[in-house]
Amino acid sequence: MKELVGKIDSFAVRMPSEKLYLHIDKPYYTNTDTIWLKSYLLNGSLGGSEQSGLLYAELVNDTGRVVLRQSMPVLMGISWGQIALDSIQVTEGSYTLRAYTNWMQNQGEESFFTRQLYISKTDAGSWLVKAGSKTDIRNGKENTEVALQLLGQDGDPVRLQDLELKLRDGNKTRLREKMQTDIEGKLRFNFDVPAKAGRLKLVAEDKSGKRIVFPLNLNRDENADVQFMPEGGSLVAGLTSKIGFKAIGEDGRGINVSGVITDSKGNEVAAFKNGYKGMGYFVLTPAENESYMARVKLPKGQIKSYPLPPVKPSGMVLTVNNVPGRDSVILSVQATPVVLGSYSLIGQSGGKVYYASTVSFKPGTHMINGRIAKNKFPTGVARFTLFGNTNQAVAERIVFIDHHDRLQISIDTDKQHYQPNDSVSLAIKVTDQYNNPVQGSFSLAVTDDSQVKADSTNVPDISSYMLLQSELKGDIEEPGYFFTNPNAETALQLDNLMLTQGWVGYSWQDVFAPTNPPKYRAEKEIEVTGTITKISGTPLAGLQVSLLSTRKPLLFMQTVTSKDGRFKFSNLPRIDTGSFLVQLKDSKWRIMEPRINVDEFIPASTRGISAFSLTPWYINTDDIVLNFTQQSLASQKQLERLMIPAGTALAEVLIKGRKKIKGSRFFAGVGAEPDLVLDEKDMLTAGKKNLEDVMKDHIKGFNPKMFPCSKPVVYRYMVGCCPAMIRIDGMSLDSAYVPPSSFNSSDFFGFQQSYLQTITAEDVRGVEVRTAHAATYCYTIIEITTWSKKGVYIKRMHGQYLYRPLPLSWPKEFYKPKYGVNTNSLFDYSSTLHWQPDIVTDEAGKARVFFKAKSKKGFYSIILQGGDIKASTGCIRKKLSVFMQ
Numbered sequence: 061m062k063e064l065v066g067k068i069d070s071f072a073v074r075m076p077s078e079k080l081y082l083h084i085d086k087p088y089y090t091n092t093d094t095i096w097l098k099s100y101l102l103n104g105s106l107g108g109s110e111q112s113g114l115l116y117a118e119l120v121n122d123t124g125r126v127v128l129r130q131s132m133p134v135l136m137g138i139s140w141g142q143i144a145l146d147s148i149q150v151t152e153g154s155y156t157l158r159a160y161t162n163w164m165q166n167q168g169e170e171s172f173f174t175r176q177l178y179i180s181k182t183d184a185g186s187w188l189v190k191a192g193s194k195t196d197i198r199n200g201k202e203n204t205e206v207a208l209q210l211l212g213q214d215g216d217p218v219r220l221q222d223l224e225l226k227l228r229d230g231n232k233t234r235l236r237e238k239m240q241t242d243i244e245g246k247l248r249f250n251f252d253v254p255a256k257a258g259r260l261k262l263v264a265e266d267k268s269g270k271r272i273v274f275p276l277n278l279n280r281d282e283n284a285d286v287q288f289m290p291e292g293g294s295l296v297a298g299l300t301s302k303i304g305f306k307a308i309g310e311d312g313r314g315i316n317v318s319g320v321i322t323d324s325k326g327n328e329v330a331a332f333k334n335g336y337k338g339m340g341y342f343v344l345t346p347a348e349n350e351s352y353m354a355r356v357k358l359p360k361g362q363i364k365s366y367p368l369p370p371v372k373p374s375g376m377v378l379t380v381n382n383v384p385g386r387d388s389v390i391l392s393v394q395a396t397p398v399v400l401g402s403y404s405l406i407g408q409s410g411g412k413v414y415y416a417s418t419v420s421f422k423p424g425t426h427m428i429n430g431r432i433a434k435n436k437f438p439t440g441v442a443r444f445t446l447f448g449n450t451n452q453a454v455a456e457r458i459v460f461i462d463h464h465d466r467l468q469i470s471i472d473t474d475k476q477h478y479q480p481n482d483s484v485s486l487a488i489k490v491t492d493q494y495n496n497p498v499q500g501s502f503s504l505a506v507t508d509d510s511q512v513k514a515d516s517t518n519v520p521d522i523s524s525y526m527l528l529q530s531e532l533k534g535d536i537e538e539p540g541y542f543f544t545n546p547n548a549e550t551a552l553q554l555d556n557l558m559l560t561q562g563w564v565g566y567s568w569q570d571v572f573a574p575t576n577p578p579k580y581r582a583e584k585e586i587e588v589t590g591t592i593t594k595i596s597g598t599p600l601a602g603l604q605v606s607l608l609s610t611r612k613p614l615l616f617m618q619t620v621t622s623k624d625g626r627f628k629f630s631n632l633p634r635i636d637t638g639s640f641l642v643q644l645k646d647s648k649w650r651i652m653e654p655r656i657n658v659d660e661f662i663p664a665s666t667r668g669i670s671a672f673s674l675t676p677w678y679i680n681t682d683d684i685v686l687n688f689t690q691q692s693l694a695s696q697k698q699l700e701r702l703m704i705p706a707g708t709a710l711a712e713v714l715i716k717g718r719k720k721i722k723g724s725r726f727f728a729g730v731g732a733e734p735d736l737v738l739d740e741k742d743m744l745t746a747g748k749k750n751l752e753d754v755m756k757d758h759i760k761g762f763n764p765k766m767f768p769c770s771k772p773v774v775y776r777y778m779v780g781c782c783p784a785m786i787r788i789d790g791m792s793l794d795s796a797y798v799p800p801s802s803f804n805s806s807d808f809f810g811f812q813q814s815y816l817q818t819i820t821a822e823d824v825r826g827v828e829v830r831t832a833h834a835a836t837y838c839y840t841i842i843e844i845t846t847w848s849k850k851g852v853y854i855k856r857m858h859g860q861y862l863y864r865p866l867p868l869s870w871p872k873e874f875y876k877p878k879y880g881v882n883t884n885s886l887f888d889y890s891s892t893l894h895w896q897p898d899i900v901t902d903e904a905g906k907a908r909v910f911f912k913a914k915s916k917k918g919f920y921s922i923i924l925q926g927g928d929i930k931a932s933t934g935c936i937r938k939k940l941s942v943f944m945q
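If you use my numbering, the sequence shown corresponds to residues 61 to 945, in order.
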C-alpha cells in the first residue's frame, strides 16, 4: 500500500496538473470587437499554478483552422489581457476560443479551456431571416421542408429577390437551385435528405455576393447515440450493477428516450427512462454466458437497438452511494469467487491521495461494505479506484463531493437606482463559508442588458468549470443547473453525470510506467533555449552562443553550451513581437556550421475540435441581439468619423497610409501600385504559418483552382477567377520549375504548392498584391519580398538561427470615460460598459469599483468571479438599473 501511494504521489509531483479558466466580458462579439479576458491558471488542488509562466490563446474557426493565436504572460496563476479581432482575418461565423499552456499538452487536449462563440460582422445591409424546418418521411425517404422569410434590418421584407440556394454538406454541394422571394420576402422548398449526409447547412446568395447561412439541425433518429456504462467499469456475471446511460442527438445534445433491456432469448429484464439531459440509470444482475440488448425508443418514435457491454464471467463491481446530506459515502465491493483476495482502495481528488486502505474478503463472503467520511476530501470530483496486487486498476468510480464551501460574495451599490451619466460605486465583500474575510483576485464585467444576454445556466462560471467541467469528458449541458438550486433531484442528476461522462486526467499506465521526461516542457518565462549538435546529432559542449535582438529593445547576450549541448537565455526584457538571431561562433569568432536547434513552441492540433455551427445572429433573432449588432455598427461609423475628418477623400487616406516594403521589387506596370500590402507586422502576427496559409488568410479569393482556358488543363493558384503571377524578390516562381521530361500540370502545381508550404511567414518581409487590371494582362500579381533577398532560391544561413517567438500580448487598459464630462456617443454604443480584471480584496475581504453609467436609461448585468490563495472560487451575478427622472 505504501509503495502504491508513493508512486501516485510521486507522479503528482513529477507531472502536476493544470486547469485553466477564462473569464470573458460577454458571450458574443463582432469582428471589429475586442475580447477582454482574465485567465485563472490553477493546479489540481485549485491553488494558483506555479508550473507555467506563459499561456496560449487561440481563435479556431468551424473548419478547425486557427485564425488568431497569441501568448500571454502568467504570474502566480493570474493573467489578463485582450484579443483584438481583425475583420480581415476573422470573418463572420462560429469559433472556438481555446486556451492552454505548453505543459497542459502533456495532459491532452481534453484538459484545454474551450468556449464556443459566434462572431458577427458589422454590416447595415445584412438580412434578417425568419427560418424553420421540419423533416418527415415521404415516399419512403426523409424529406426536409424549409421555410424562410428575408427581412431588412428595418423589418421590411426583401421582395422579389433572386437567390441561388445551395445545400452544403461539409465541402460538398448536395443541391443547387435558383429561387426568388415572394412579395412578403418568403420562399419555401423541400429536398430529400441525402443518404449518410453529415451536418447540413443551407446557403442562400444573391448576385452581389450577399449571403445567409442556415444550419439545418435535423436531429435524425438514426444518427442518435445511446451509450451504456456499468458502474465500476464492467458487467460481471452474478453481480448486481448500476448501469448509467447517456442519450445524445445528432447535434450532440441530450435527448429523451425510454426502453427495455432484453436478454438473448428476448426476455425483458429491465426498463429505463432518462432523467435530465438524456442521462439516467437502471439496475441489472447479468447472468453468465448471457448477452443483453437495449431496445430504445427515440424522440421521433423510431426503435433502435444497442448492445450492452459484454458480461465477464468473473471480476469485481465497485458501487458508491453518495447520499446528499450524509457525512459519508457508502462503498460496496462485490467479487466472484475466482477473484477473492486482498485489494487496495485509493481515494483521490485533484491528483492527490486523500484515502488509502486494504480491502480483504473474509472466507465465505463475496461482498464488503464500508463508509468513508466526506470530510477527508475537498469539494470536487473524487476518484475511487480498486487495485490488484500488480497495481492494475480493476474497478473505478467517481463521485462529486460538495461541502458547499464556495466563496460567499456580495456586491452593494451606493444607490438603489441610478440616473444617466451617474458614477456607480460597487462595494465588494468576499468571505468564506464561516464568514471569515477572504483575500483574493477577481474580475468584473458590466454589460448592457439591451445588447447582451447573460446566460448563467449554459455558460460555466469559474466554480462550475473548475469543479466539474475540467474534471469530466465532453461538454456539460447547462452546468449551472447542478449548483444553482441544489436539492435531492439535482444531486441525483449530478451523480448520473459522474456515471456517464467519465474522468479527464491521466491513465494509470502513465503513473506506473518508467519515468520519462515530459514531451512538453513547462515554460516559466520568456526565454530562448535549444541545443547545438553536429549534423549527426551528437551534442556539442562548451561552445559560445550569442543572442542578438533584431528589433527594439536592443539586446546582446552570450552563454556557453552545457555538456548536453544545451543553451539558455533567460531574464529577457519585456517584449511583444520579439525577433532574435541565435549565432554560433568558435574561439576565433568565425561562424561555425553545426546545427542549431531552438526549442520552438509547437501548437496543439485542432483535430480534437469538432466541427460545429452555432446559429447565426440573424436567424430568428431577438431584439437584444439585433440591437447589439446595430449599436456595434453605429459605434464603428462614429469611430471612422473621428479618425477621418469630414471632407477628406478616402483615397487620400489610403495613399498616405499605404504600407511600404523595404527592398521590394514590385512592378505591375508604370505607376501601378499594390492594392494590398502585408508588411513585417503582418508576418510577425502570422508567426509559424506557411506562406500559402498566410495568403489564403489575407488575399480574398486566393486558392488553388483549375485554370479554365489552358490546354492541357493546368492547376494553379488563382485569385477569384484570375490566375496569380507569383514572384519572389522579383523572380517568377514559374521560371524556377524544371519539368522532369515533359510538362505535367500536376507536377507544375505540386512544385508551386510545396514551395509556398515550405516558406514560413518568418522568411518573408512582406507581400504586395495587385489585382487584375488590363495593364497586367488579367493576372493578379503577387510580389513576395524575403529577408534573404535570394529569390526563389532562398537559403537559410549556416551557424545562425532567426527565432521569432509567438507575439506576446500585454494587457491594455479598458476605456473608462471621465465623470462629469459630456463624452462622445461612442461609450453609449458599448455593449460592455466596464471591465476590470485586477480587483484584489484586502484583509477585510473588501474592494471597491467605480464606473460610469450611460447617458440613457437601461438595465445592466454585473458578473464578478475569481478565487483566493486557499483554493476556493466563487461567482456572483447582480442587476443594476438606470432610470430617467
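Beta carbons: idealized from backbone N, C-alpha and C, even for Gly.
The structure displayed is predicted, hence computed values, not measured ones.
Backbone CA spacing between residue i and residue j [nearest angstrom]
i: serine 417; j: isoleucine 68; result: 14 Å
i: isoleucine 651; j: valine 658; result: The pLDDT assigned to isoleucine 651 is 48, lower than 50, so where the model puts this residue is not dependable; a value taken from the coordinates is nonetheless given after this. Going from the Cα of isoleucine 651 to the Cα of valine 658 covers about 17 Å.
i: leucine 467; j: serine 869; result: 31 Å
i: aspartate 482; j: aspartate 472; result: 16 Å
i: valine 126; j: alanine 664; result: 10 Å
i: aspartate 474; j: serine 523; result: 28 Å
i: glycine 108; j: methionine 132; result: 16 Å
i: isoleucine 428; j: valine 399; result: 14 Å
i: glutamate 700; j: leucine 744; result: 26 Å
i: isoleucine 936; j: serine 503; result: 11 Å
i: isoleucine 84; j: aspartate 683; result: 23 Å
i: lysine 246; j: leucine 210; result: 6 Å
i: leucine 714; j: arginine 830; result: Residue confidence is low: leucine 714 scores 38 on pLDDT, short of 50, so the model does not pin down where it sits. No coordinate-derived value is stated.
i: proline 480; j: threonine 892; result: 16 Å
i: asparagine 545; j: lysine 436; result: 25 Å
Residue from the options whose Cα sits closest to the Cα of residue i
i: tyrosine 889; options: Ser665, Gly826, Tyr875, Ile536; result: Tyr875
i: glycine 367; options: Arg236, Ser351, Gly375; result: The residue you asked about is not glycine; residue 367 is proline in the sequence shown. It is Ser351.
i: valine 317; options: Ala307, Phe437, Asn283, Ser147; result: Ala307
i: isoleucine 842; options: Gly440, His758, Pro676; result: His758
i: valine 642; options: Lys916, Pro865, Asn496, Pro633; result: Pro865
i: lysine 930; options: Ala487, Glu733, Ser501; result: Ser501
i: proline 359; options: Asn327, Gly319, Val343; result: Gly319
i: glycine 927; options: Pro783, Met526, Val150, Pro369; result: Met526
i: glycine 185; options: Leu220, Lys270, Lys226, Leu135; result: Lys270
i: aspartate 146; options: Ser606, Asn327, Arg129; result: Arg129
i: lysine 412; options: Val942, Gln860, Ser70; result: Ser70
Classification of residue i by the beta-carbon crowding that lies within 10 angstroms, buried from 16 upward
i: tyrosine 494; result: exposed
i: arginine 457; result: buried
i: phenylalanine 919; result: exposed
i: alanine 284; result: buried
i: glutamate 583; result: buried
i: leucine 557; result: buried
i: arginine 198; result: exposed
i: glutamate 244; result: exposed
Supposed contact pair residue j and residue i - C-beta distance, whole angstroms, cut 8 Å
i: valine 206; j: leucine 262; result: 6 Å
i: leucine 554; j: proline 539; result: About 10 Å separates the two Cβ atoms, so there is no contact after all.
i: valine 490; j: glycine 934; result: 7 Å
i: valine 849; j: glycine 761; result: Looking at the sequence itself, residue 849 is lysine, so the reference to valine does not match. That pair is no contact at about 29 Å.
message: Measuring CB atoms only, is the region 282-293 touching the region 450-469, in the sense that at least three cross pairs come out at less than 8 Å?
response: yes
query: How about the region 249-260 and the region 326-336: do they share at least three Cβ pairs that are nearer than 8 Å?
result: no
message: Quick test of the definition: if touching needs 3 or more C-beta pairs under 8 Å, does the region 189-198 touch the region 229-244?
response: no
message: For the structure I just gave you, are there three or more beta carbon pairs, one from the region 433-448 and one from the region 890-907, closer than 8 Å?
response: no
message: For the region 148-163 against the region 110-117, do three or more pairs of beta-carbon atoms, one drawn from each stretch, fall closer than 8 Å, so that the two count as touching?
response: yes
Touching by the beta-carbon criterion (3+ pairs, under 8 Å), the region 677-691 and the region 611-620: no
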